[in-house]
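Following: one structure in structure tokens, then a few remarks.
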């Protein structure tokens, strides 16, 4: 569920995502789970409360453990998205995006559909930039760009694209997560490119 309209009410976005995840839940035979950044967030809307009450409410730092199943992730940050992806492995995942963590490139990389119009999410990253981004992910993504060689490789391949506004640090991080990079690695890549 993209955050592409600043006038769209949050409860409308949550309702669209909830309707979709309940449909998928029926097909998959498992009650959906609500995942938010903290256990105190997200339970102020009836549609989210319903999912939390019937299927559970999880957060990355929550103590309760849940089985895999369909998940609605409400305005996640990197760590929360990664957690939601793990819980939804093999099941459906609906995500309500926030402008503080843009997910368009994650959605495109994951093959997600836009719940507003049913279209496949398309990447805005050009082929040559994606090639350089894939190279940086191949070289340093598994280690999350912790080593100096990995950081230098990412900078040398991607900073020119960032400077010319062909790639944003947020889009690079979101795309990296769609390719299996950890939440910490994606955040580290974004920080590297934002400097």
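Residue numbers (my numbering): 84 to 278.
Each residue gets a CB set at the ideal place from its N, CA and C atoms; glycine is no exception.
ask   = With distances taken from CA atoms, which of 262, 155, 204, 106 is nearest residue 223?
value = Here the question's residue 223 lines up with position 140 in the chain shown. Of 262, 155, 204, 106, the residue nearest in Cα terms is 262.
ask   = Using the C-alpha atoms, what's the distance from residue 176 back to residue 215?
value = Sequence index remark: in the chain shown, residue 215 carries index 132 (1-based). Sequence index remark: in the chain shown, residue 176 carries index 93 (1-based). As the crow flies, the alpha-carbon of residue 215 is around 28 Å from that of residue 176.
request  = Please work out which residues of its chain come closer than 6 Å, Cβ to Cβ, to residue 128, disregarding the five sequence neighbours upstream and downstream, and give them in chain order.
outcome  = Mapped onto the chain shown, residue 128 falls at position 45. Excluding sequence neighbours, residue 128 sits near 94, 97.
query = Looking at the structure shown, is residue 184 part of a helix, part of a strand, or coil, going by DSSP?
reply = One-based indexing of the chain shown puts residue 184 at position 101. Collapsing the DSSP output to three states places residue 184 in a strand.
query = Helix, strand or coil: which one does DSSP assign to residue 117?
reply = Counted from its first residue, the chain shown places residue 117 at position 34. Three-state DSSP puts residue 117 in a strand.
query = Is the Cβ-Cβ distance between residue 149 and residue 164 less than 8 Å?
reply = Within the chain shown, residue 149 is the residue found at index 66, counting from 1. Within the chain shown, residue 164 is the residue found at index 81, counting from 1. Result no, Cβ atoms of residue 149 and residue 164 do not sit closer than 8 Å.
request  = Would you mind sorting residue 184 into buried or exposed? The rule is 16 or more other CB atoms within 10 Å of its CB.
outcome  = The sequence position of residue 184 within the chain shown is 101, counting from 1. Buried.
message = Going by DSSP, what residue range makes up the alpha helix (DSSP H) through residue 177?
response = Locating residue 177 in the chain shown gives position 94, counting from the first residue. No alpha helix (DSSP H) contains residue 177, which is instead part of the beta strand (DSSP E) from 176-179.
request  = Please name the residue in 137, 92, 123 whose C-alpha comes closest to that of residue 104.
outcome  = The residue you call residue 104 lines up with position 21 of the chain shown. The candidate whose alpha carbon is nearest that of residue 104 is 137.
Own chain, CB closer than 8 Å to residue 282, minus 5 neighbours either side, in chain order = Lying outside 84 to 278, the shown extent of the chain, residue 282 is not represented and no answer is given.
ask   = Quick one: what's got a C-beta closer than 7 Å to residue 244's C-beta in the same chain, skipping five residues either side?
value = Taking the first residue of the chain shown as 1, we reach residue 244 at position 161. Around residue 244, the same chain offers 212, 215, 250 as residues with beta carbons nearer than 7 Å, after the five sequence neighbours per side are excluded.
key: Residue burial classification, residue 273 (beta-carbon count within 10 angstroms, cutoff 16)   = Counted from its first residue, the chain shown places residue 273 at position 190. Its Cβ being crowded by 16 or more others within 10 Å, residue 273 is buried.
task = Provide the residue(s) that pair with residue 154 in DSSP beta bridges, ordered along the chain.
result = The residue you call residue 154 lines up with position 71 of the chain shown. Answer is 116, 176.
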